[in-house]
Amino acid sequence: MIPEFNEDGYLPPGIYEASFEEVKNRFGFSRKRQKLLQGMSFLLEQCRILHCDILYLDGSFVTKKLNPSDYDACWDTTAENREQVLNNVLESLLESNSEVQKEYFGGEIYSAFSKAILLPELTILEYFQKTKQYEDKGIVMIKL
Numbered sequence: 010m011i012p013e014f015n016e017d018g019y020l021p022p023g024i025y026e027a028s029f030e031e032v033k034n035r036f037g038f039s040r041k042r043q044k045l046l047q048g049m050s051f052l053l054e055q056c057r058i059l060h061c062d063i064l065y066l067d068g069s070f071v072t073k074k075l076n077p078s079d080y081d082a083c084w085d086t087t088a089e090n091r092e093q094v095l096n097n098v099l100e101s102l103l104e105s106n107s108e109v110q111k112e113y114f115g116g117e118i119y120s121a122f123s124k125a126i127l128l129p130e131l132t133i134l135e136y137f138q139k140t141k142q143y144e145d146k147g148i149v150m151i152k153l
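Residue numbers (the numbering used here): 10 to 153.
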């Protein structure tokens, strides 16, 4: 279950598991958000094909902001053939540049275990759980 936003407009610290249906119901409250959800649906389709079975959502999309410009996501896999999945992802749209990703998916996509550019001591997944002021905040996890 996805909790209510805190007074700063973020989810409380933590990782909240939700279905895509729950994400649509909770975050699809404007036309712009609904358009982003369409791109996210295509992203989830691609993740399923590639066996990336976990997607974490971040950015202003998982805040109370009415019209976020995009969303940020990072993927991971629990597949037994993890190395093969990683190799397949390298040749997919999930590893394209951010402009291509925004065109196809409406957001920017990263691998959960890669290093954050601004804080290289953190993984992207850890970085997603920080505000711009480096305070803890919540994100959403979709298991496919």
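The beta-carbon is built from N, C-alpha and C at its ideal position, and this holds for glycine as well.
Residue 65 to residue 25 span [Cα, whole Å]: Here residue 65 refers to the residue found at position 56 of the sequence shown. Here residue 25 refers to the residue found at position 16 of the sequence shown. Residue 65 and residue 25 have their C-alpha atoms roughly 9 Å apart.
Buried or exposed by the 16-neighbour rule on C-beta atoms within 10 Å, applied to residue 72: Numbered from its first residue, the sequence shown carries residue 72 at position 63. Classification of residue 72: buried, given that the 10 Å Cβ count is 16 or more.
Alpha carbon of residue 31 to alpha carbon of residue 12, nearest angstrom: For this step, residue 31 is matched to residue 22 along the sequence shown. For this step, residue 12 is matched to residue 3 along the sequence shown. The alpha-carbon atoms of residue 31 and residue 12 are separated by roughly 12 Å.
Range covered by the beta strand (DSSP E) that runs through residue 118: Here residue 118 refers to the residue found at position 109 when the sequence shown is read from its first residue. Residue 118 -> beta strand (DSSP E) spans 116-120.
Contact between the stretch 126-143 and the stretch 87-107 (3+ Cβ pairs under 8 Å): Because the criterion of three Cβ pairs below 8 Å is not met, the stretch 126-143 and the stretch 87-107 do not touch.
Extent of the continuous alpha helix (DSSP H) to which residue 49 belongs: For the purposes of this step, residue 49 is taken as residue 40 along the sequence shown, with counting starting at 1. Where residue 49 is concerned, the enclosing alpha helix (DSSP H) starts and stops at 40-59.
Backbone secondary structure at residue 127 - three-state DSSP: The residue given as residue 127 occupies position 118 in the sequence shown. Here residue 127 sits in coil by DSSP.
Residue range of the beta strand (DSSP E) that includes residue 151: Here residue 151 is taken as the residue at index 142 of the sequence shown, counted from 1. Counting along the chain, the beta strand (DSSP E) containing residue 151 begins and ends at 147-152.
Residues that residue 26 bridges to, as DSSP identifies them: Position 17 of the sequence shown, counted from the start, is the residue given in the question as residue 26. Paired residues: 150.
Inter-stretch contact (C-beta, 8 Å, three-pair minimum) for the stretch 67-85 and the stretch 42-59: Inter-segment contact for the stretch 67-85 and the stretch 42-59 is present: three or more beta-carbon pairs are separated by less than 8 Å.
Same chain, Cβ closer than 6 Å to residue 18, neighbours up to 5 away in sequence not counted: Here residue 18 refers to the residue found at position 9 of the sequence shown. 72 and 73.
Coil, strand or helix - residue 64 by DSSP: Within the sequence shown, residue 64 is the residue found at index 55, counting from 1. Under the three-state reduction of DSSP, residue 64 is assigned to strand.
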